[in-house]
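Asker: Numbering (the numbering used here), first residue to last: 52 to 540. Just so it is clear, CB atoms sit at the ideal spot from N, CA and C, and this is done for glycine as well. Please read these numbers as outputs of a predicted model, since none were measured by experiment. Before I ask anything, let me first share the structure, which is written out below as C-alpha cells.
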C-alpha cells in the first residue's frame with residue numbers, strides 16, 4: 052500500500068510542475084489589473100496586459116483537476132504510456148457528465164429539491180475526482196493493455212480496449228458516487244453548522260478543515276456554510292456588501308481574516324524552510340517549484356501551487372500545515388484583526404478590503420505576518436529535519452551521489468542485457484520503471500537475482516527493498532538503459 056501511495060505521490064508531481072508558471076502569471080496580472088478581481092472596467096495597456104496574464108494563469112488553475120487526470124493517468128501506468136492518459140480522460144468525462152447536476156436531477160428528481168445535494172453535484176469537477184479518474188485509467192491500462200480478444204473483435208485487442216474498460220469501470224464508480232458523494236458533502240455541511248456556535252475556536256476548526264480538505268475538493272461544502280448564505284451566515288457576502296458586525300449575529304470577517312497571515316507570510320516562511328532543507332545540488336530545483344508559489348500566495352492568495360507541491364510527498368507535514376491555519380485563525384479572531392476577500396487572502400484583496408466598514412485593525416497584518424512567517428518557518432524546518440520528510444528537493448530517488456555515477460560501458464543494449472540476465476531473465480521481471488537515476492523493478496522470484504552479475508554491467512549498486520522489488524542504481528543515463536530493457540521485455 053505504501054508503495055502505491057508513493058507512486059501516486061510521484062505521479063502527482065507531473066501536473067504540479069505546471070502550476071508555478073500560473074502563479075507567476077496571476078501574481079503579475081492581479082498587480083497590473085486589480086479589476087480582474089474586484090470588478091470594473093479594464094482600460095489602458097497595463098490593465099489589459101494584466102487581464103491577459105491572469106487569464107493565461109487561470110487556464111491552469113481553473114482546470115487543475117484535468118491536469119491531475121492526465122498526470123496521474125500517465126504517471127501511474129507501468130510504462131507511462133499515453134494510452135493510460137487517454138483512458139483517464141475518458142473516465143473523467145464519463146464520471147463528471149454522469150454526475151452533472153442536469154444528469155443527476157433527471158435520474159433522481161428529488162435531488163433538485165435539496166439545495167445541499169444540488170450544490171454537491173455542482174462541485175463534482177474537483178481534483179479528487181480527477182485523481183480518481185487518473186487511477187481508473189492507469190489501473191485499467193496496467194491490467195488490460197495486453198488483452199487478446201477473439202478474431203472478430205481483434206481490432207479492440209490490447210491497448211485499444213483500455214479506454215472501453217475504463218468507461219465501464221467509470222460507470223460503476225459514478226453509480227456509487229451518485230449515492231456516496233452527497234452524503235459526504237452533507238456531513239461536512241452538518242459539521243459546519245455544528246461549529247458555528249463555537250466562536251473563535253469554531254473559526255479555527257473551520258480553517259483547519261478548509262485546508263485539510265483541499266485535495267478532495269470537499270472544502271467547497273464548508274466554504275458555502277461560512278462564506279455564503281447557505282445556512283444564514285454569509286461572512287464573505289455580508290462583508291463585501293458593506294455591512295458591519297452590528298448587522299449580523301457574529302463578528303463579521305472572522306471566517307476569512309485568519310487566512311491572510313498564513314497565505315501572505317506563513318507560506319513564504321514554510322517555503323524558505325523547504326528551500327534551506329533541500330539537498331545540496333537540488334536547491335535550485337526546489338526554488339523553481341516553491342519560490343514562485345510563495346510569491347503567488349502573497350500577492351493573490353493562490354495557494355495550490357505550493358500545497359500540491361508537497362501534500363502527497365509529505366502528508367504529515369500537510370496535516371501540520373492545516374493545523375497552523377487553525378491556530379492562526381483562532382489568534383487572529385481573538386486579537387480583532389478583520390479583513391475579507393472576494394478571491395483569496397492575498398495582499399491584493401487585503402488592500403481593497405481595508406476600506407470596507409467591517410475591516411478592523413488591518414495594520415495588525417504586520418505583527419501577525421511576522422509571527423506567521425517565523426512560526427511556519429520554524430515548525431516546517433523542525434518537522435522536515437526531525438522526520439526526514441520528502442519535500443521538494445529531498446526525494447530519495449535522485450540522490451546527488453547517484454547523479455555522478457558513470458557507466459563503464461556506453462553500450463546501453465549490452466548493459467541492459469547484463470542487468471536483465473542478473474535479474475533472472477525476462478521471465479522473472481513483472482514490471483519495469485525508472486526514476487532519474489534508478490531502474491525500479493518488480494520481480495517474481497528473488498532467489499534468481501544475481502547481484503554480482505548485475506554489478507558487472509558497471510552500475511553503482513543494487514538495492515532490494517523487499518522480496519519482490521529490486522532497484523539498480525545506473526545514474527543519469529538510466530533512461531537509455533531502461534529503453535533498451537523495455538525492448539528486450
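1) For residue 300, count neighbouring Cβ atoms within 10 angstroms of its own Cβ and tell me buried if that reaches 16, exposed if not.
2) Give me the Cβ distance between residue 375 and residue 430, rounded to the nearest whole Å; I'm assuming they're in contact under 8 Å.
3) Rounding to the nearest angstrom, what Cα-Cα distance links residue 233 and residue 305 in this structure?
4) Of the choices 539, 119, 424, whose alpha-carbon is the least far from that of residue 66?
5) Buried or exposed for residue 514, going by 16 or more other Cβ atoms inside 10 Å?
6) Would you say the segment 458-477 touches the segment 396-406, given that touching needs at least three Cβ pairs under 8 Å?
7) Since residue 390 contacts residue 405 with CB under 8 Å, what's their CB separation in whole angstroms?
8) Quick test of your reading: residue 236 and residue 167, contact by CB under 8 Å. State the CB separation rounded to the nearest angstrom.
9) Taking the CB atoms as reference points, tell me whether residue 511 and residue 494 lie closer together than 9 Å.
10) Count the other CB atoms, across all protein chains shown, that sit within 10 Å of the CB of residue 379; report buried if there are 16 or more and exposed otherwise.
11) Using 8 Å for Cβ pairs, my map puts residue 392 next to residue 315. What's the rounded Cβ distance?
12) Let's test the definition: count the other Cβ atoms within 10 Å of the Cβ of residue 331 and tell me whether it reaches 16, buried, or not, exposed.
13) How many angstroms separate the CA atom of residue 100 from the CA atom of residue 319?
14) Is it the case that the segment 81-98 contacts the segment 150-159, given that we only count it when at least three CB pairs across the two stretches are under 8 Å?
15) Report the residue ranges of all alpha helix (DSSP H) runs contained in full by the segment 375-461; include only those spanning at least 4 residues, in chain order.
16) Determine the burial state of residue 341: buried for a count of at least 16 other Cβ atoms within 10 Å of its Cβ, exposed for fewer.
17) Identify whether residue 358 lies in helix, strand or coil by the three-state DSSP scheme.
18) Please say whether residue 188 and residue 142 have beta carbons closer to each other than 9 Å?
19) Measuring alpha carbon to alpha carbon, tell me which residue in 420, 386, 432, 470 is nearest residue 411.
20) Looking only at its own chain, which residues have a Cβ that is under 7 Å from the Cβ of residue 362, when we skip the five neighbours before and after it?
21) Quick one: Cα of residue 454 to Cα of residue 284, how far?
22) Shortest alpha-carbon distance to residue 159 belongs to which of 185, 179, 230?
23) Would you kindly check if the distance between the Cβ of residue 262 and the Cβ of residue 372 is under 9 Å?
24) Our contact map puts residue 293 next to residue 407 with C-beta atoms below 8 Å; I'd like the distance itself, whole angstroms only.
25) Tell me the DSSP secondary structure of residue 528 in three-state form.
26) Alpha carbon to alpha carbon, how far is residue 414 from residue 420?
27) Rounded to the nearest angstrom, what separates residue 496 and residue 327 at their Cα positions?
28) Please return the same chain residues whose Cβ sits closer than 6 Å to the Cβ of residue 133, not counting the five positions on each side in sequence.
29) Please classify residue 384 as buried or exposed, where buried requires at least 16 other C-beta atoms within 10 Å of its C-beta.
Answerer: On the basis of the supplied data:
1) exposed
2) 7 Å
3) 28 Å
4) 119
5) exposed
6) no
7) 7 Å
8) 7 Å
9) A distance of 9 Å or more separates the beta carbons of residue 511 and residue 494.
10) Classified as buried, residue 379 has 16 or more neighbouring CB atoms from the shown chains inside 10 Å of its CB.
11) Incorrect: roughly 11 Å between the Cβ atoms, too far for contact.
12) The residue in question, residue 331, is exposed, as its Cβ has fewer than 16 Cβ neighbours within 10 Å.
13) 26 Å
14) no
15) 398-404, 416-437, 451-454
16) buried
17) In the structure shown, residue 358 sits in a helix (DSSP, three-state: H, G or I).
18) yes
19) 386
20) 266, 369
21) Residue placement at residue 454 cannot be trusted, given a pLDDT of 47 that sits under 50; the coordinates are not used to answer.
22) Comparing alpha carbon positions, the residue from 185, 179, 230 closest to residue 159 is 230.
23) Contact flag set, yes.
24) 6 Å
25) coil
26) 10 Å
27) 42 Å
28) none
29) That one is buried.
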